Structures are given as C-alpha cells and as structure tokens.
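Worksheet: one structure, shown below.
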C-alpha cells in the first residue's frame, strides 16, 4: 500500500528569500526550515522540509517577497 | 498507482513585472528589508488586481517613503506623487480618466503628517479611489523617526526617551478620523501579523478594490505593518509586537461599510468638444494659424532672451506674453516665466521670455540679450545683467536716467507719453511690442496685430491696441533707419 500523499507542496526560490522566517511562524504543520547555506543576497533562506505540506497557503501570504514562494496543491484524481 | 500531480495554487501575481528594472543584480527581488510589511501588502493588492482583471485600467499612485518605488513592481499605470500628495494626484487621475481604478498607496509619515490635508479633503469629497495606508508607527525610509502614529512611550531616533504625549500628542487614529466624514464608503483597519489577521487583511484589500470596480466611492484601508529594521527587532518578533502593542492602540475593526447598499450612480462628465474648450478658456483660434516670419532677422537679434520689467499694472507680463505669442505664431519655440509680488497693482513685476529656433532648455534667464525697462528701478536692476552689446529698450517717459553702460544697443522710446496721446497710458506695452518688432525684425507686423485676438480678452480694447502696435512699429522702423 502506498504512503499517504501530502495535500500540498511548497517551492521556495532560495535566491529570492531574505530569511525573515515569517513563513515559519505561520506554518501550522511546521514543514519549513532554515537552511545553512547563504544565498546570493547573503541571507540564510528558508526551504521546504520535503513533506508534510497541506497546501494551506499561509506561508505565501506571510512572505513579503512576491516571487519567493509558490504553493502547489494535489490534483484530485478524476 | 501513478505519481501524485501537484498544481500551482498560489504563485507570484501577474500584476507584478517579471523583472524589476531598478535592481541590476537581483532583478526579481524587491528593495524592501526582510520581513517588511510592504511586500505582503503589495502581494495582496497585486493578487486582487489580477483576480478582478483591472490591471489595464488601474493607476497606482506611489508615495514618498519606502514604497516610493512601487512603480517598479506593479505592471499597471503608475504615477509617483510628491510627499503626501498622492490623494490629490489620484483625484486628478480620476477626474481626467474616470474609467480608471485609482490606488493611493501611502505610509504613515506621508499620509498622516505632511499629507493629512490631502487625505481628509479627498475622503470628504468621496473621490473614487482606494487608499491603502501602511501604518508602521515610524518613518521607515529616513531611519526610524517619530511619526504621527508612533505609540506613546515608543522609542524612536527623535523620541529617544519614548514618545511623550504631553509634548508630542497622542498617535493619530486615521480610520477613526476618516470614519467621521459622510462620504467614505469603506473604512477598515487590518494587521499584517499572524495567520488570522493576514487573511483578514487580504479580505479588506479585496473588498476595497471590489468597491472601486463597483464605483462606490472612497475606500480607506489601514494596515498595521512591521518595520523590523526601524523597530530594531527580528521579523517574527516585530510581527508579534503588532498584535501585542499596536493593535491595542489601533483597534482592528471595520469602521464604515456601505458596500452592501446600492451605489450612487457614477456619472462620467461629458468632455466638451475642442471648439467649446477654446470658448470656455477664451482662447482665440486665430493663434493657431502659423505666420511665416516676414523678414530675415539680423543675427544679433535672433533667438532673443528677453527680460521685461516695470511696475505692476504697466502691462509688463502681457508684453512678455505678446512677445511669446508672436514667436509661437511664427513657428518658433517660446517660453514665458512671470515673476511678481503679491500685489495685484503696484509693486514690481518682470518676466522672462525666450523665443528661439531651437528647443529651450530653461525658461529662466540670468543673462538676457534684450531688456525692456518700463521704469527706473527696472533699468537699474536689469541693465547690468545684459550681455555685451545687448539691446536695451527704455521707456523714457518713466526713466529720466541715462543708461550707464556704453556698449549697449539702446532704443529709447517715450512709450507712456505716446500711449497717453493715443488715449490710454496702459497701451505703452503694445507700443513697445510694435517698436521691438520693427526695430529687430524678429516679429512681422501682421503677426503682432493678429496676436491681439488672443492677447486682449476685452474685445473693445483690441482696436486701441492695434493703433498702439502700429504707432510703435512706425517708431521702430524710423529708429532702425
């Protein structure tokens, strides 16, 4: 039997992230974390842990950068 | 079982440019500090504009402050206004382009201090615009000074001991102030902090813009927003501070909501046709005929930089206008810049006139090639400014003194006496216009006479002024020899 699929997924453009971590403060399932490698701008960006996202979109609205976060939702199978 | 398929749900709104031209190194990131509320609000507005499909008719007014560069981000119409004047500029945009959706985006220094008058007047007139007021309790861009919205006891660079309400007053609650007026249809305050209030603020933003689409009138949304840099906090703490401290003083409420009622009919005033406009503004269409210069101009008189000076009431400014009008009618580039005191009569006045075959860089003239001195003080003031060999026209009726320089080309004309003989001493200016035209050849006689149709508003005076120009022309021709 296959594992239960996550309802959502987050993609973070690591070079656009300024490391303010507001997304982490609003994420209800704690699926985001600070990375350890400085990005082009000199910040430690936040990235998706890889699993657990529900696709709620709170991180998107808390993030001040227009293009840093894209939220995906699982396509419901027909 | 097939692999799960994920679809984009929330992505960068299309209202934003793909690349922000100002930043060469990182053209996809904003200039805002980490954790700044501007970015969050920008996104909410951009998302709403995209969803309402109004990007093509939205005019975004950027303020002065950190968000001064909003026009680098929003792919809409954009105007950047002087400090605090966004609602006034927005009013103009709305009146000139009634179909547009006007967004006035302002910070607290901009809106609540220097622009307090503009915002209250625009709100009171019920201008059709959505105002987004970003309140971060501080002047952010200039380095964290006390703003009208700074909380009591809050430390800023200009209130190092904390804001003292006894000296600096209490913070201005703008929503409460504006909700006292009759006209606004929607006044609400939100906060960019925590999931609940972030999502609520998003709704307020959408409601305000929806009201613009429905032509309801003036909407005002205040947003409590973090300035982690100015407050000296990390972004998560700054966001907490908004709800813990700011929201206590600035209640998060909807103060006015008339968006459920039937909107008042939105009438777009008809634009008058061009002919009607001329009539309304009392502009003669005679000025639109291009006259060709009637004679070759001597090189030393070509492209003059003219200063006309005298007492107020001598027609100094009108003479300058006449010189510019004639130049324009002959297809030249012209500028006219008046300078006068508060007196309507008396006092002194002068104007700067450029008439040129080339484009004019500045209307201001510091080294004139022609000076018209209608009275003694003008001669004393402006004779020294003339270029070497420049033309000095002296109204000898009013100027008993001789010019002091010997290098000048001097045309002496008793214009005021001649005008008195003609029946009206105030026609001296047109006598000088005629004399200048004939003496230098810069203006054709027909041009000068035709210009009166535009220059003289009271038509019964046109005839007198025609006679004055002809008299001056005769004088100038004789003097030229």
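Chains as they are written, first to last, in my numbering: chain A, 1 to 78; chain B, 79 to 559.
By construction, the Cβ of each residue, glycine as well, lies at the ideal position given by its N, Cα and C atoms.
Computed from a predicted structure; not experimentally measured.
Item	Value
Establish whether the CB of residue 138 of chain B and some CB of chain A are separated by less than 8 angstroms.	no
Any chance you could list the beta strand (DSSP E) runs of at least 3 consecutive residues sitting entirely within the segment 280-309 of chain B, in chain order?	297-302
Between B/516, B/450, B/279 and B/498, which has its C-alpha nearest residue 486 of chain B's C-alpha?	B/450
What number of angstroms, rounded off, separates the C-alpha of residue 210 of chain B from the C-alpha of residue 95 of chain B?	20 angstroms
What three-state label does DSSP hand residue 403 of chain B in the structure shown?	helix
Could you spell out the range, first to last residue, of the beta strand (DSSP E) harbouring residue 430 of chain B?	426-434
CB-CB under 6 angstroms to residue 159 of chain B, same chain, minus the five flanking residues each way: which ones, in chain order?	139 and 167
Comparing alpha-carbon positions, which option in B/538, B/542, B/529 and B/517 lies nearest residue 551 of chain B?	B/517
Please classify residue 79 of chain A: is it buried, with 16 or more other beta-carbons within 10 angstroms of its beta-carbon, or exposed?	Outside the shown range of chain A (1 to 78) lies residue 79 of chain A, about which nothing can therefore be said.
Could you check what DSSP says for residue 88 of chain B in three-state terms: helix, strand or coil?	strand
Which ranges does the beta strand (DSSP E) cover as unbroken runs of at least 3 residues, wholly within the segment 238-276 of chain B, from first to last along the chain?	264-269
Counting Cβ pairs closer than 8 angstroms, one from the segment 403-416 of chain B and one from the segment 350-359 of chain B, do we hit at least three?	no
I want to verify the contact list: residues of chain A whose CB lies under 9 angstroms from the CB of residue 104 of chain B, in sequence order.	15, 16, 40 and 41
Is the distance from the Cβ of residue 212 of chain B to the Cβ of residue 185 of chain B below 8 angstroms?	yes
How would you write the range of the beta strand (DSSP E) that residue 417 of chain B sits in, first residue to last?	411-418
Alpha carbon to alpha carbon, how far is residue 520 of chain B from residue 425 of chain B? Give it in angstroms, no decimals.	30 angstroms
Using the three-state DSSP reduction, which class does residue 151 of chain B fall into: helix, strand or coil?	coil
So, using beta-carbon positions, are residue 506 of chain B and residue 493 of chain B closer together than 8 angstroms?	yes
Taking Cβ positions only, does residue 84 of chain B come closer than 8 angstroms to chain A?	yes
Considering only the beta carbon of each residue, do residue 182 of chain B and residue 201 of chain B sit closer than 8 angstroms?	no
Name the chain A residues whose beta carbon is nearer than 8 angstroms to that of residue 322 of chain B?	What residue 322 of chain B touches in chain A: nothing, since even the nearest Cβ is about 14 angstroms away.
Grab me the residues of residue 534 of chain B's own chain with a C-beta within less than 6 angstroms of its C-beta, minus the 5 sequence neighbours each way, in chain order.	540 and 543
Cβ closer than 7 angstroms: which chain A residues qualify as neighbours of residue 313 of chain B?	20, 21 and 22
Identify every residue that forms a DSSP beta bridge with residue 138 of chain B.	B/156 and B/181
Once DSSP output is grouped into helix, strand and coil, what is the label at residue 213 of chain B?	strand
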